[in-house]
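Enquirer: To get my numbering, take the position in the sequence shown, counting from 1, and add 446.
Glycine included, each C-beta is placed from N, C-alpha and C at the ideal position.
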Amino acid sequence: MDKGCLYIVAMPIGNRGDITERAKQVLSAVDLIAVEDTRHSRPLLQMLAITTPLLALHEHNEQKLVARLVDQLTAGDTIALISDAGTPLISDPGFPLVRACQQAGVRVIPVPGPSALICALSAAGLPTDRFLFEGFPARSGPARREQFRRLKDEGMTLIFYESSHRILDSLADMAAVFGEDRPAVIARELTKLHETILSQCLGSLVELVSRDLNQQKGEFVVLVAGAVRDAEAIDPETQRILEILLEEMPTKQAATLAAKITGIKKNRLYQKALELQEG
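Written as structure tokens, this is what we have:
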């Protein structure tokens, strides 16, 4: 094992059998493990017979501890960073430490493994080629709805984490902003005993969760299908191109050339050109 390195080690999100052999080897060999909550991590590490010393590193103390940990690393110690579940830094503490290590020239080595958002996305049945991870939505209703309004027309699959305390309110706000007919998926308690993955429209999911208290318990990943764009819509950049061409050539020729540039149908662009000239 290389000395003076920070290892970012992914941990199981539920099923303890998901920990990798490499993760176990690294956690056993490092000088120190920085954990989000010692009470949560210690039972798993004891089960794995890992006796490496632990240090609590969470959102309330990480700014104070970063300099100390970087000093230990530059002195040659090896440290592993883990969170309560999944891959560190993904809606979990650790970013200040990783950034400080990069700035200090300390090598940061990822040890990949479980991630709740990727786990949910792989089984959701929604497009996976492009997605936007938003972490936890805002806590207050007005701020949360404003966040959703900014994402309403986003074409990528949207992914959120949510807690049991706010899942129903968040789903209701999603249905109100994105529309009750928008396809969505709730992935609850992934890899755990009571894992459920529900795929319906947002309106139906709100009804289902509101009447089933069991579906309001646990940890959630909520995935929302991206907005379906109007194939005939003219975006601002296309309109700008069309306006420039109209200044230099006849309407029909401008529409033809704009179609070649943008891939939008010539007839639609010709109609838009006429609208621009009339306006």
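With burial defined as no fewer than 16 other Cβ atoms inside 10 Å of the residue's Cβ, what is the status of LEU720: buried or exposed?
Expert: Here residue 720 refers to the residue found at position 274 when the sequence shown is read from its first residue. LEU720 comes out exposed.
Enquirer: Rounding to the nearest angstrom, what Cα-Cα distance links LEU473 and ALA630 in this structure?
Expert: If you number the sequence shown from 1, residue 473 lands on position 27. If you number the sequence shown from 1, residue 630 lands on position 184. So the two alpha carbons sit approximately 37 Å from each other.
Enquirer: Can you list, in chain order, the stretches of the alpha helix (DSSP H) that have 4 or more residues and sit fully within the region 481-551?
Expert: Complete alpha helix (DSSP H) runs here, min 4: 484-493, 508-520 and 541-550.
Enquirer: Could you round the C-beta distance between MET602 and SER529 to whole angstroms and report it? I think they count as a contact, below 8 Å.
Expert: As a working note, residue 602 is residue 156 in the sequence shown. As a working note, residue 529 is residue 83 in the sequence shown. Contact doesn't hold; Cβ gap of about 25 Å is too wide.
Enquirer: Helix, strand or coil: which one does DSSP assign to MET602?
Expert: For the purposes of this step, residue 602 is taken as residue 156 along the sequence shown, with counting starting at 1. Correct three-state label for MET602: coil.
Enquirer: Can you give me the start and stop residues for the beta strand (DSSP E) that LEU644 sits inside?
Expert: Residue mapping note: residue 644 aligns to position 198 of the sequence shown, counting from 1. Its beta strand (DSSP E) spans residues 642-647.
Enquirer: For the beta strand (DSSP E) that ALA630 lies in, which residues bound it at each end?
Expert: What you label residue 630 is simply residue 184 of the sequence shown in a count that begins at 1. Run containing ALA630: 629-634, per the beta strand (DSSP E) assignment.
Enquirer: When DSSP builds the beta bridges, which residues end up paired with TYR453?
Expert: Taking the first residue of the sequence shown as position 1, residue 453 is located at position 7. DSSP output for TYR453 lists ALA526 and ILE555 as bridge partner(s).
Enquirer: What residue range is occupied by the uninterrupted alpha helix (DSSP H) comprising LYS669?
Expert: What you label residue 669 is simply residue 223 of the sequence shown in a count that begins at 1. Reading off the sequence, residue 669 comes out as Leu, not Lys. Where LEU669 is concerned, there is no enclosing alpha helix (DSSP H), although the beta strand (DSSP E) it sits in stretches over 666-670.
Enquirer: In this structure, does DSSP put GLU693 in helix, strand or coil?
Expert: Within the sequence shown, residue 693 is the residue found at index 247, counting from 1. The answer is coil: DSSP assigns GLU693 none of H, G, I, E or B.
Enquirer: Please state if the CB of ALA562 and the CB of GLY532 are separated by a distance shorter than 7 Å.
Expert: Numbered from its first residue, the sequence shown carries residue 532 at position 86. Numbered from its first residue, the sequence shown carries residue 562 at position 116. Yes, Cβ-Cβ distance for GLY532 and ALA562 is below 7 Å.
Enquirer: Note down, in chain order, each residue of its chain lying with its Cβ closer than 6 Å to the Cβ of THR642, except the 5 sequence neighbours on either side.
Expert: Translated into the one-based positions of the sequence shown, residue 642 becomes position 196. The answer, listed in chain order, is ARG634.
Enquirer: Need the endpoints of the alpha helix (DSSP H) that LEU567 sits in, please.
Expert: Position 121 of the sequence shown holds residue 567. Looking at the DSSP string, the run of the alpha helix (DSSP H) that includes LEU567 is 562-570.
Enquirer: What is the rounded straight-line gap between the Cα of TYR453 and the Cα of ILE536?
Expert: As a first step, residue 453 must be located in the sequence shown, where it is residue number 7. As a first step, residue 536 must be located in the sequence shown, where it is residue number 90. The straight-line gap from Cα to Cα measures roughly 15 Å.
Enquirer: Could you check the C-alpha separation between TYR607 and ILE690 for me, to the nearest Å?
Expert: One-based indexing of the sequence shown puts residue 607 at position 161. One-based indexing of the sequence shown puts residue 690 at position 244. Roughly 44 Å between the two C-alpha positions.
Enquirer: Express the C-alpha separation of GLY581 and ALA679 in angstroms, rounding to a whole number.
Expert: As a first step, residue 679 must be located in the sequence shown, where it is residue number 233. As a first step, residue 581 must be located in the sequence shown, where it is residue number 135. Those two C-alpha atoms are separated by around 30 Å.
Enquirer: State whether the region 607-622 contacts the region 659-675, with contact taken as three or more CB pairs (one from each stretch) at a distance under 8 Å.
Expert: Enough Cβ pairs lie closer than 8 Å, so yes.
Enquirer: Tell me which residue opens and which closes the beta strand (DSSP E) that PHE582 is part of.
Expert: Taking the first residue of the sequence shown as position 1, residue 582 is located at position 136. Taken as a continuous stretch (DSSP letters only), PHE582 belongs to no beta strand (DSSP E), as it is neither H nor E.
Enquirer: Report the three-state DSSP secondary structure of ARG639 (helix, strand or coil).
Expert: On the sequence shown, residue 639 is found 193 positions in, with the first residue counted as 1. The question names Arg, but residue 639 in the sequence shown is Leu. Reduced to three states, the DSSP call for LEU639 is coil.
Enquirer: Could you name the residues that DSSP lists as bridge partners for TYR607?
Expert: To locate residue 607, count along the sequence shown from 1; it is residue 161. DSSP, once it has assigned bridges, lists VAL667 as partnering TYR607.
Enquirer: Does DSSP put ILE707 in a helix, in a strand, or in coil?
Expert: Taking the sequence shown and counting its residues from 1, one reaches residue 707 at position 261. Helix, per DSSP.
Enquirer: Is the distance from the Cβ of LEU688 to the Cβ of ALA704 below 7 Å?
Expert: Your numbering for residue 688 matches position 242 in the sequence shown. Your numbering for residue 704 matches position 258 in the sequence shown. Yes.
Enquirer: By Cβ distance below 8 Å, which residues in the same chain neighbour ALA513 in space, the five residues on each side in sequence not counted?
Expert: In the sequence shown, counting from the first residue as 1, residue 513 sits at position 67. Cβ neighbours of ALA513 beyond the five flanking positions: ALA546.
Enquirer: Tell me which same chain residues have a C-beta within less than 8 Å of the C-beta of ASP538, skipping the five on either side of it?
Expert: For the purposes of this step, residue 538 is taken as the residue at position 92 of the sequence shown. Once the five neighbours on either side are set aside, the close Cβ partners of ASP538 are GLU482, SER529, ASP530 and GLY532.
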